[in-house]
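Student:
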Amino acid sequence: MSISDNLLKLRSEIPDEVSIVAVSKRKSVEDILEAYNEGQRVFGENRVQELIEKQPRLPGDIQWHMVGHLQTNKVKYLAGFTEMIHSADSLKLLQAISREASKAGRTISCLLQIHIASEESKFGFSKEEVLDLTEDPDFQSLTNIRIAGVMGMATFTEDMDRVRSEFRYLRGVFEDLKEKYFTEDQGFLEISMGMSGDYKVAIEEGSTMIRLGTVIFGPRNY
Ligand SMILES: *Cc1c(COP(=O)(O)O)cnc(C)c1O
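Here is the structure:
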């Protein structure tokens with residue numbers, strides 16, 4: 031099936047309220063354009079270098095999302111155009127994003143990445159850490175970021191019961207944060223969870239944003 035066919039099929043399956051981030055890492059500009067021509071406007075990349083190489087070669091109305099781990103010293107390269115950063119996982123990084131966004135005269139939407147998987151290697155705040163963060167005056171004083179919700183990656187496993195419980199946990203963290211800290215904030219809306227292997231479960235558990243690579247573009251060659 032072509033990229034267009036994949037997208038059309040996905041759109042027919044997925045509820046309208048769930049948005050698709052087309053994760054185009056390791057995929058060509060031509061592949062991205064095929065998805066663009068099918069109406070896709072939100073694309074995600076996980077490496078700064080790849081993102082800044084592709085962005086100038088593609089239409090200006092694409093909304094670029096950074097979905098991968100981001101180092102503080104690299105924020106300056108993407109702050110001028112990136113719409114949303116899904117992987118905000120420390121106060122230091124949020125401070126860098128706010129500072130660089132301010133220099134660019136912009137505000138960048140950020141999702142607080144929460145560690146929900148059993149694997150050690152995955153980045154993100156624990157629930158306790160994120161609750162502490164929201165009470166930290168250094169966090170509250172940041173001016174050029176908009177906290178738009180949370181993001182999480184489930185354990186890489188075939189065990190969908192485990193994946194489901196991790197997604198359910200993330201949704202719980204989202205609800206807690208919304209109730210305690212973002213009540214007045216109309217922009218705290220997104221739960222970014224679900225990838226090619228687990229997006230159906232993620233949607234059942236309340237995902238508002240799924241990040242899909244393989245099911246749109248086919249397998250990646252590393
Ligand atoms: C690669 C990647 C995805 C998409 O992965 P697929 O399994 O190909 O859908 C989603 N989120 C992040 C953070 C990624 O790095």
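Residue numbers 31 to 252, in my numbering, belong to the letters of the sequence shown in order.
Ideal placement from N, C-alpha and C gives every residue a C-beta, glycine not left out.
Given a threshold of 16 other Cβ atoms within 10 Å of its Cβ, counted over all protein chains shown, does Asn36 qualify as buried or as exposed?
Tutor: As a first step, residue 36 is located in the sequence shown; it is residue number 6 there, counting from the start. Looking at its Cβ environment, which holds 16 or more other Cβ atoms inside 10 Å, Asn36 is buried.
Student: Measuring CB atoms only, is the stretch 127–135 touching the stretch 177–184, in the sense that at least three cross pairs come out at less than 8 Å?
Tutor: no
Student: Spatial neighbours of Met8 within its chain, please: CB distance less than 8 Å, with the 5 preceding and 5 following residues excluded, ordered by chain position.
Tutor: Residue 8 lies beyond the stretch modelled for the chain, which goes from 31 to 252, so this question has no answer here.
Student: Around the Cβ of Phe204, are there at least 16 other Cβ atoms within 10 angstroms (buried) or fewer (exposed)?
Tutor: Stepping through the sequence shown from its first residue, residue 204 is reached at position 174. Label assigned to Phe204: buried.
Student: Counting only the same chain and skipping the five closest in sequence on each side, list residues whose C-beta sits under 6 Å from that of Gly154.
Tutor: The sequence position of residue 154 within the sequence shown is 124, counting from 1. Here the set comprises Asp119, Gln143, Ile144, His145.
Student: Is the stretch 98–118 touching the stretch 66–84, taking contact as three or more C-beta pairs under 8 Å?
Tutor: yes
Student: For Val51, does the count of other Cβ atoms within 10 angstroms reach 16, so buried, or fall short, so exposed?
Tutor: Reading the sequence shown from its first residue, position 21 is the one you call residue 51. Val51 comes out buried.
Student: Taking 9 Å as the threshold (C-beta atoms), are Glu75 and Gly98 in contact?
Tutor: Translated into positions along the sequence shown, residue 98 becomes position 68. Translated into positions along the sequence shown, residue 75 becomes position 45. Yes. Within cutoff.
Student: Have a look at Met96, Ala184, Ala65, Asp46 and flag the residue whose alpha-carbon is nearest the alpha-carbon of Arg77.
Tutor: For the purposes of this step, residue 77 is identified with residue 47 of the sequence shown, where counting begins at 1. The shortest Cα separation from Arg77 among Met96, Ala184, Ala65, Asp46 belongs to Met96.
Student: Three-state secondary structure (DSSP) at Arg192?
Tutor: Against the sequence shown, residue 192 aligns to sequence position 162. Annotated three-state conformation of Arg192 is helix, per DSSP.
Student: For the putative contact between Thr164 and Leu207, defined by C-beta atoms under 8 Å, what is the C-beta separation to the nearest angstrom?
Tutor: Counted from its first residue, the sequence shown places residue 164 at position 134. Counted from its first residue, the sequence shown places residue 207 at position 177. Going by Cβ atoms, the distance from Thr164 to Leu207 rounds to 7 Å, so yes, they are a contact pair.
Student: Would you mind reading off the limits of the beta strand (DSSP E) that contains Ser117?
Tutor: Residue 117 sits at position 87 when you count from the first residue of the sequence shown. Note, Ser117: beta strand (DSSP E), 114–118.
Student: Excluding the 5 residues flanking Gln93 on each side, which residues of the same chain have their C-beta closer than 8 Å to its C-beta?
Tutor: Counting from 1 along the sequence shown, the entry for residue 93 is found at position 63. Correct list, in chain order: Arg71, Val72, Phe73, Glu113, Met114.
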